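Q: This is the structure I have questions about; it appears just below.
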Amino acid sequence: MTSSRRYWTVASLLMLLTNVFSGHPSTCRPDEYPIENRCCRMCSPGEHVKTDCKVSRPTSCRPCSNQSYMNQSTGLKHCFPCTHCDEGSGLKTKASCSPTSDTVCEPLEGFYCVEFSDNDCEAAKKCSDCSTGTFSNGSFTSCRPHTQGNTENRQLVKAGTASTDAECEEHADANESQLKLTLILVTSVAVLSALALCAVCAVIWTRKQQTPQCKLKK
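In case it helps, mature numbering (1 follows the signal peptide of the UniProt record, and there is no 0) puts the sequence shown at residues -22 to -1, 1 to 196.
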C-alpha cells in the first residue's frame, strides 16, 4: 500500500537534486522551482505543472486528475497516485482521496493496526480470540490475565469474559478481622496511656509524702 507513496517521494527528491546539480539556479524563492537557467512559480496544492514558465509566460498548472493528489506546492509535472486501502490486508477507507490529500486507511472490524504513518494505518493484522483466563477491551495489543478473586482476602463477584476483567471484593470476614485488630490496638493504647498516667500520679504523691513539714514556733 505504501510503495507508491515512497516511490513518488523518492522521485520528487531525485528531480530536485537533479535540478540543483545540473547548473540550475539555486537562489529560487521557496514558492519557485529551478528549470534550466530560470526560476518558475510552483503550482498550488491540488495541481501539477502542465508547462514550465518561459521568459514571456508564467508556469501553466493543471488540476490533479481523478485518483491522484498533490498535498503541497510543487514543480512536478504529475500528481501522486491515491493510495488504495486493500481489504485483503485488513484495511478500509477512513477518508477518501481528494485533490489535496491522500486516502486515509484504518483497520477493518476484527483487525488492529500494526504500522502507523501520522494518522494513517499502513498495515493491519487480524485479531485473535483471548484464551481462557485472559481478556482484551479492544485497546490492548495483547490479552491480559483476569484479576484473581478467589484468594485469602478477596472473593469473586463477577467472572471475567474475553472482553472484560473479573470483578472482585474483599471477604466480609477479612473486613471483620481488620475491625477487630483496629479495636484491639485502640484499646491497648488507651490502657497503656492510663497506666502511664497512674504511674506519674503515684510518683508525685510519694514525693509529696516524703517532703519534711516545717513546724511553726509558738
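No residue lacks a Cβ here, since even glycine has one placed at the ideal position from N, Cα and C.
Here the structure is a predicted model, which is why all the values come from computation and not from measurement.
Kindly identify the DSSP beta-bridge partner or partners of residue 94.
A: Walking along the sequence shown from the start, residue 94 turns up at place 116. In DSSP, residue 94 forms a bridge with 99.
Q: The beta strand (DSSP E) spanning residue 136 covers which residue range?
A: Counted from its first residue, the sequence shown places residue 136 at position 158. That run of the beta strand (DSSP E) goes 132 to 136.
Q: Taking its Cβ as the centre, do 16 or more other Cβ atoms sit within 10 Å of residue 27, making it buried, or is it exposed?
A: The sequence position of residue 27 within the sequence shown is 49, counting from 1. Buried is the call here.
Q: Just list the residues that DSSP pairs residue 69 with in beta bridges.
A: Locating residue 69 in the sequence shown gives position 91, where the first residue counts as 1. Partner(s): 85.
Q: Using the Cα positions of residue 89 and residue 19, report the straight-line distance between them to the nearest angstrom.
A: Taking the first residue of the sequence shown as 1, we reach residue 89 at position 111. Taking the first residue of the sequence shown as 1, we reach residue 19 at position 41. Cα-Cα distance, rounded: 45 Å.
Q: When we look at the beta-carbon of residue 96 and count the other beta-carbons within 10 Å, is it buried (16 or more) or exposed?
A: Residue mapping note: residue 96 aligns to position 118 of the sequence shown, counting from 1. It is exposed - the Cβ of residue 96 has fewer than 16 other Cβ atoms within 10 Å.
Q: Leaving out the 5 sequence neighbours to the left and right, which residues in its chain are closer than 7 Å to residue 113 when beta-carbon positions are compared?
A: Here the question's residue 113 lines up with position 135 in the sequence shown. Contacts found: 121, 122, 124, 138, 139, 140, 141, 142 and 143.
Q: Kindly indicate the opening and closing residues of the beta strand (DSSP E) around residue 145.
A: Counting from one through the sequence shown, the residue named residue 145 turns up at place 167. Per DSSP, residue 145 belongs to the beta strand (DSSP E) from 145 to 148.
Q: Do you know whose CA, among 131, 83 and 187, lies nearest residue 61's CA?
A: The residue given as residue 61 occupies position 83 in the sequence shown. The residue with the shortest Cα to Cα distance from residue 61 is 83.
Q: Below 8 Å, can you find three or more Cβ-Cβ pairs linking the segment 29 to 36 to the segment 68 to 87?
A: Verdict: no, contact absent.
Q: Who are the near neighbours of residue 101 in its chain, counting only those whose CB is closer than 6 Å to its CB and skipping five residues on each side?
A: For the purposes of this step, residue 101 is identified with residue 123 of the sequence shown, where counting begins at 1. These residues qualify, in order along the chain: 92 and 93.
Q: Nearest by alpha-carbon distance to residue 56: which of 63, 64 and 47 is it?
A: If you number the sequence shown from 1, residue 56 lands on position 78. Comparing Cα-Cα distances from residue 56 to each of 63, 64 and 47, the minimum goes to 47.
Q: Quick check: residue 12 and residue 78, are their CB atoms within less than 8 Å of each other?
A: For the purposes of this step, residue 12 is taken as residue 34 along the sequence shown, with counting starting at 1. For the purposes of this step, residue 78 is taken as residue 100 along the sequence shown, with counting starting at 1. No, the Cβ-Cβ distance between residue 12 and residue 78 is not below 8 Å.
Q: What residues are listed by DSSP as bridge partners for residue 29?
A: For the purposes of this step, residue 29 is taken as residue 51 along the sequence shown, with counting starting at 1. 38.
Q: So for residue 55, helix, strand or coil by DSSP?
A: Here residue 55 is taken as the residue at index 77 of the sequence shown, counted from 1. Residue 55: coil per DSSP, three-state reduction.
Q: Which residue wins for smallest C-alpha separation from residue 103, given the options 116, 117, 86 and 111?
A: On the sequence shown, position 125 is the one that residue 103 refers to. For the residues 116, 117, 86 and 111, the minimum Cα distance to residue 103 belongs to 86.
Q: Would you mind working out which of 163, 99, 127 and 16 sits nearest residue 111, comparing C-alpha positions?
A: On the sequence shown, position 133 is the one that residue 111 refers to. If we check each option's Cα against that of residue 111, 127 comes out closest.
Q: Under 8 Å by Cβ, that's how I've got residue 147 and residue 164 pegged, so tell me the actual separation to the nearest angstrom.
A: Working through the sequence shown from its first residue, we reach residue 147 at position 169. Working through the sequence shown from its first residue, we reach residue 164 at position 186. Between residue 164 and residue 147 the Cβ distance is about 26 Å, and since that is not below 8 Å, they are no contact.
Q: DSSP beta-bridge partners for residue 14?
A: The residue given as residue 14 occupies position 36 in the sequence shown. For residue 14, which the question treats as bridged, DSSP gives no partner whatsoever.
Q: The ligand ZN and residue 67: does any heavy atom of the ligand fall closer than 7 Å to the residue's C-beta?
A: Absence of the ligand ZN is noted for the structure shown, with no ligands found whatsoever.
Q: Could you tell me the distance, in whole angstroms, from the CA atom of residue 5 to the CA atom of residue 75?
A: Position 27 of the sequence shown, counted from the start, is the residue given in the question as residue 5. Position 97 of the sequence shown, counted from the start, is the residue given in the question as residue 75. Spanning the two alpha carbons is a distance of roughly 34 Å.
Q: For the candidate residues 173, 158, 160 and 9, whose alpha-carbon lies nearest to that of residue 50?
A: The residue labelled residue 50 in the question sits at position 72 within the sequence shown. The shortest C-alpha separation from residue 50 is found at 9.
Q: Please say whether residue 39 and residue 21 have beta carbons closer to each other than 8 Å?
A: As a working note, residue 21 is residue 43 in the sequence shown. As a working note, residue 39 is residue 61 in the sequence shown. Yes. Within cutoff.
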